[in-house]
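Novice: Numbering (my numbering), first residue to last: 158 to 613.
Have a look at this one before I ask anything.
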């Protein structure tokens, strides 16, 4: 339902209030009579925008901020299966505003192995005996799997899986049975996996096995991934002192960087399901932690928090074409819950819709948690996007390089502008796209500011 309430007209002016769907009215979009003055008075006119924000410190509390608002979710799923947007503190922001956690979730159960109630404690993984076609066989030397958490140099992040897989044994988990919500495993859609690891063998081999049935055994298929050791995971070095992330950090090493994406085939249930498995024709051993699986954000599957304007902005400052500055305060999220990870990147975006003149605008910018990520994966456009956030608040500031095209007067019910915030999103020009992984960040007190001229 769309309701259009028109105020009594003033000279050369018209005010409109938009209600989209059943949302409450947060603000109104109007064009004041002052904006209709001639070109000669523009310099004086635009001073009313100086040091002003279209948003308030409590803007994030509005229901108009939504997770993935345009995606048509599959039956049995919602945006909350893939992301989280929740209030952490009502007054904890840098200026006393509310604080929210924004997170891309790990679809895999107990990927960090911190759930001490899991049985066995390395769930959802199990050992498969290829010769006897048996799941969860008695583990005897030289095959071993255990969880270590203290007093061991190879511990990665608290509870860590140590494994030694002899020939003819596999370390496996089923998909989608071991997803938190199996309905998030959608046939024909692609998924990315990642892990932190140390390897005690020359390499670690992981296979995606579609339509896998433990009772039938069978040879390994060709959907394979290889993780190496050494510094940055670039060489066949079985020294477990090196801590690496799969896929490796260094984008210049094209061979060991490799893919980490697979496409869902069988979305049914055990005994015939897709699976991921550590397997090889010989033996392999190592340590791994923080194993994650997430849906690839390709296409309209958009892992972002978005605000559609003109709702939820100040009534006395109309949205007009010009240069905009979008900023938000961020800091590293505390991780009290299990299966939660730190965001290593944050993407801010502005989209302007001038459908009247066919002059739409779209621009994004990626900010990195530390300088190493920035050096490896930055868009290299000459600007500095190293966010360097930590347990302290840091403000990320995104200033558009070009004019955001908007209609002179909003006379439709469609969105005029969109603002987006995405945790761990690498952006379309980031060379580390395949390292998109689950992650959480605290956000607070966004601002949207206007300028009639470039910011710099």
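For every residue, glycine included, the Cβ atom is placed at its ideal position computed from N, Cα and C.
Note that the coordinates shown come from a computational prediction; the quantities given were computed from them, not determined experimentally.
What do you reckon, are the CB atoms on residue 453 and residue 534 nearer than 7 Å?
Specialist: Counted from its first residue, the chain shown places residue 453 at position 296. Counted from its first residue, the chain shown places residue 534 at position 377. Cβ distance not < 7 Å, so residue 453 and residue 534 don't count as in contact.
Novice: Am I right that residue 484 and residue 552 are in contact with their C-beta atoms under 8 Å? What's the rounded C-beta distance?
Specialist: By one-based count along the chain shown, residue 484 stands at place 327. By one-based count along the chain shown, residue 552 stands at place 395. Contact flag correct, Cβ pair sits at about 6 Å.
Novice: Where does the unbroken beta strand (DSSP E) through residue 484 begin, and where does it stop?
Specialist: As a working mapping, residue 484 is identified with position 327 in the chain shown. Residues 480 to 489.
Novice: Mapping the DSSP letters down to three states, classify residue 299 as helix, strand or coil.
Specialist: Translated into the one-based positions of the chain shown, residue 299 becomes position 142. Coil, per DSSP.
Novice: According to DSSP, which residues form a beta bridge with residue 403?
Specialist: Counted from its first residue, the chain shown places residue 403 at position 246. DSSP output for residue 403 lists 352 as bridge partner(s).
Novice: Measuring CA to CA, which of 254, 523, 503, 343 is closest to residue 458?
Specialist: Residue 458 sits at position 301 when you count from the first residue of the chain shown. Minimum Cα distance to residue 458 is reached at 343.
Novice: If you compare alpha carbons, which of 398, 542, 359 is closest to residue 392?
Specialist: Residue 392 sits at position 235 when you count from the first residue of the chain shown. Cα-wise, what sits closest to residue 392 is 359.
Novice: Specify the secondary structure class of residue 339 as computed by DSSP and reduced to three states.
Specialist: Counting from 1 along the chain shown, the entry for residue 339 is found at position 182. Residue 339: helix per DSSP, three-state reduction.
Novice: Taking one C-beta from the segment 428 to 447 and one from the segment 366 to 374 each time, how about it: are there three or more such pairs within less than 8 Å?
Specialist: Cβ pair count under 8 Å is three or more, so yes.
Novice: Using alpha carbons as the reference points, say which of 530, 497, 548, 481 lies closest to residue 521.
Specialist: To locate residue 521, count along the chain shown from 1; it is residue 364. Residue 481 is the option with its Cα nearest to residue 521.
Novice: Are the segment 239 to 255 and the segment 277 to 284 touching, with three or more C-beta to C-beta distances below 8 Å?
Specialist: In short, these stretches do not touch, since the Cβ pair count stays below three.
Novice: Taking just the CA atoms, how far does residue 403 sit from residue 357?
Specialist: Reading the chain shown from its first residue, position 200 is the one you call residue 357. Reading the chain shown from its first residue, position 246 is the one you call residue 403. Looking at the two C-alpha atoms, the distance is approximately 15 Å.
Novice: Could you check what DSSP says for residue 334 in three-state terms: helix, strand or coil?
Specialist: Here residue 334 refers to the residue found at position 177 of the chain shown. Residue state, collapsed to three classes: coil.
Novice: Hey, could you find the ends of the beta strand (DSSP E) residue 448 is sitting in?
Specialist: Numbered from 1 along the chain shown, position 291 holds the residue referred to as residue 448. From DSSP, the beta strand (DSSP E) with residue 448 extends over 441 to 452.
Novice: May I ask you to report which of helix, strand or coil DSSP gives residue 326?
Specialist: Counting from 1 along the chain shown, the entry for residue 326 is found at position 169. Strand, per DSSP.
Novice: Thinking C-alpha only, which one of 341, 331, 310, 294 is nearest residue 322?
Specialist: Taking the first residue of the chain shown as 1, we reach residue 322 at position 165. Nearest of 341, 331, 310, 294 to residue 322, Cα basis: 294.
Novice: Please name the residue, chosen from 579, 595, 613, 575, that lies closest to residue 212 on a Cα-to-Cα basis.
Specialist: As a first step, residue 212 must be located in the chain shown, where it is residue number 55. If we check each option's Cα against that of residue 212, 575 comes out closest.
Novice: By a C-beta neighbour count over all protein chains shown, 10 Å radius and 16 as the cutoff for buried, is residue 493 buried or exposed?
Specialist: Mapped onto the chain shown, residue 493 falls at position 336. So residue 493 counts as exposed.
Novice: Would you identify the three-state DSSP class for residue 241, choosing helix, strand or coil?
Specialist: Counting from one through the chain shown, the residue named residue 241 turns up at place 84. The answer is strand: DSSP assigns residue 241 an E or B state.
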